[in-house]
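Numbering (the working numbering), first residue to last: 136 to 436.
Yeah, the Cβ is synthetic: ideal placement off N, Cα and C, and Gly gets one too.
Just so it is clear, the structure is predicted and the values come from calculations on it, not from any experiment.
Just below is one structure, and these are the notes that go with it.
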Amino acid sequence: KRDFLNISDLTKEEVLEVIKYAGKLKKDRFSDQSLKGKSIGLIFMKPSTRTRLSFEVGVYQMGGQPLYITGSSTQLSRGEDIKDTGRVMSRYLDGIVIRTYSHSETEQLAKYFDGPVINALTDYLHPCQILADLQTIYERFGTLKGIKIAYIGDGNNVANTWLIAGGLMGLNVNVATPEGYEPSGKAVYEAVNLCKNSGGKILLTNDPVEAVKDTDVIYTDVWVSMGQEGEKEKKEHFRGFTVDRELLRHASKKAIVMHCLPAHKGEEITEELFEQFSDVIFEQAENRLHAQKALMSLLFK
Ligand code: CP
């Protein structure tokens, strides 16, 4: 069985295959029926709009049965362990999409569940998001070759995944965070190792202007992730990290601005830039559907 817990669970060639196939599915949404007769559990321990809807609709369009399961509606919330949950679910389900607070919990589930497990966001990674973003960039620029990306904001699960994706795909990925909010050392380590083979380059900085210089894509995300809502003072540390017109001036002339949503306008991005690039941003959201369907087609072969 094949899981998708990290973007690097696919090869570079498979990522390219998935994003190209996603483009085909975008034109003919019911053309792939590879989930016919399959039941896919969608376990969400945290709220979601895009990920839940895109998987639920995607499984349906591919002929499968999506089963949306909240954390609180299962015995997981009453202490049944993930090992037994995985073994029981193997008896009913063909695949699982899971959003948890803890990456190790998702890894545990993948160990004990017999079918493919797809990571729909953990505290460490958000690979489905980056797959759709790579599709969006490919559609906009016609290639991923030589693309330079600047991620501005919190060194969170999206930033970690961007670094690994950069290493895998041979991209230039610059990440600018405030001091103390750098990406995970584990993600940086994996990205650096992947870069040795791919020719990718990564840069970590505390200076947004340095990160953005001559890049094709400026990417940002929420400053306060789900589960960190108590950290009110955190936003104070992010002054100067708002993606605005002045920052965009330092990027390439044809640069686009991306945001994986939900957006907090006036914090990580100005309302003005959000609206200027809303066609790209909502395309990213739509591409979650197509990229995840293409991914499922590969994993459930
Ligand atoms: N970008 C993203 O994962 O959105 P949701 O949290 O709404 O799924």
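M393, DSSP secondary structure in three states: The three-state secondary structure of M393, taken from DSSP, is strand.
Residues near S333 by beta carbon distance below 7 Å, same chain, minus five either side: Contacts found: K147, G302, L303, M304 and G305.
Proximity test, T184 beta-carbon vs the ligand CP heavy atom, cut-off 7 Å: Checking the Cβ of T184 against the ligand CP gives yes.
Whole runs of the beta strand (DSSP E) within the stretch 297-340, excluding any shorter than 3 residues: When DSSP assignments are scanned along the stretch 297-340, the uninterrupted stretches of beta strand (DSSP E) that are 3 or more residues long and fall wholly within it turn out to be 307-311 and 336-340.
Residues bridged to Q200 (per DSSP): Beta-bridge pairing links Q200 to S174.
Contact under 8 Å by Cβ, L433 with E149: Yes, the Cβ-Cβ distance between L433 and E149 is below 8 Å.
Backbone CA spacing between Q168 and N341 [nearest angstrom]: As the crow flies, the alpha-carbon of Q168 is around 47 Å from that of N341.
Q427 burial status per 10 Å Cβ neighbour count (16 or more: buried): Residue burial is scored here from C-beta neighbours: Q427 has at least 16 other C-beta atoms within 10 angstroms and is therefore classed as buried.
Whole-angstrom distance between I391 and T377, CA atom to CA atom: Across the structure, T377 and I391 are spaced so that their CA atoms are roughly 15 Å apart.
heavy atom of the ligand CP below 7 Å from L424 C-beta: No; taking the cut-off as 7 Å, the Cβ of L424 has no heavy atom of the ligand CP nearer than that.
Sheet register partners of F435 (DSSP bridge): F435 is not bridged to any residue.
First through last residue of the beta strand (DSSP E) which encompasses Y354: According to the DSSP assignment, Y354 belongs to the beta strand (DSSP E) that extends over V352 to T355.
Beta-carbon proximity check, A311 vs E274, cutoff 8 Å: Between A311 and E274, the CB-CB gap reaches or exceeds 8 Å.
Nearest neighbour of W358, chosen from L396, C330, L329 and D349 [CA to CA]: Ranking the options by Cα distance to W358, first place goes to L396.
Supposed contact pair T257 and N291 - C-beta distance, whole angstroms, cut 8 Å: Rounded, the Cβ-Cβ distance is 11 Å, inconsistent with contact.
Supposed contact pair L382 and P318 - C-beta distance, whole angstroms, cut 8 Å: Your pair P318 and L382 does not check out as a contact, with CB atoms roughly 19 Å apart and the cut at 8 Å.
Any alpha helix (DSSP H) of 4 or more consecutive residues that is wholly inside the stretch 208-267: Entirely contained in the stretch 208-267, the alpha helix (DSSP H) runs reaching 4 residues are, in chain order, 217-224 and 238-247.
Given S387 as reference, the closest of C330, M224 and K283 once Cα atoms are compared: S387 has its Cα closest to that of K283, out of C330, M224 and K283.
Host alpha helix (DSSP H) of K283 (start-end): That residue, K283, is in no alpha helix (DSSP H); its beta strand (DSSP E) goes K283 to I287.
The ligand CP heavy atom lying under 7 Å from the CB of L256: If you check the C-beta of L256 against the ligand CP, you find a heavy atom less than 7 Å away.
Whole-angstrom distance between N254 and A263, CA atom to CA atom: With the sequence shown as reference, residue 263 is identified as Cys, and Ala is not the correct amino acid for it. For C263 and N254, the distance between alpha carbons rounds to 7 Å.
Option nearest L329 by Cα separation, candidates F139, R137, Q200 and S143: Nearest of F139, R137, Q200 and S143 to L329, Cα basis: S143.
Contact belief for E410 with G288 at Cβ below 8 Å, rounded distance in angstroms: That pair is no contact at about 19 Å.
Three-way DSSP call (helix, strand, coil) for F139 in this model: Strand, per DSSP.
L279 and I272 closer than 8 Å at C-beta: A contact, by the Cβ cut-off of 8 Å.
Closest Cα partner of P201 within the set G221, D219, D229 and K136: Cα-wise, what sits closest to P201 is D229.
Start and end residues, alpha helix (DSSP H) containing V347: Here the alpha helix (DSSP H) through V347 covers P343 to V347.
Closest by C-alpha distance to N309, when choosing among E368, Y354 and K369: Comparing Cα-Cα distances from N309 to each of E368, Y354 and K369, the minimum goes to Y354.
Heavy atom of the ligand CP within 7 Å of Q264 beta-carbon: For Q264, the shortest separation between its Cβ and any heavy atom of the ligand CP lies below 7 Å.
Cβ shell of F165 (< 6 Å), same chain only, five flanking positions each side left out: Counting only Cβ-Cβ distances below 6 Å, and skipping sequence neighbours, we find Q196.
Proximal residues to I217 (C-beta, below 8 Å), its chain only, five neighbours per side dropped: Counting only Cβ-Cβ distances below 8 Å, and skipping sequence neighbours, we find L211, E240, Q243, L244 and Y247.
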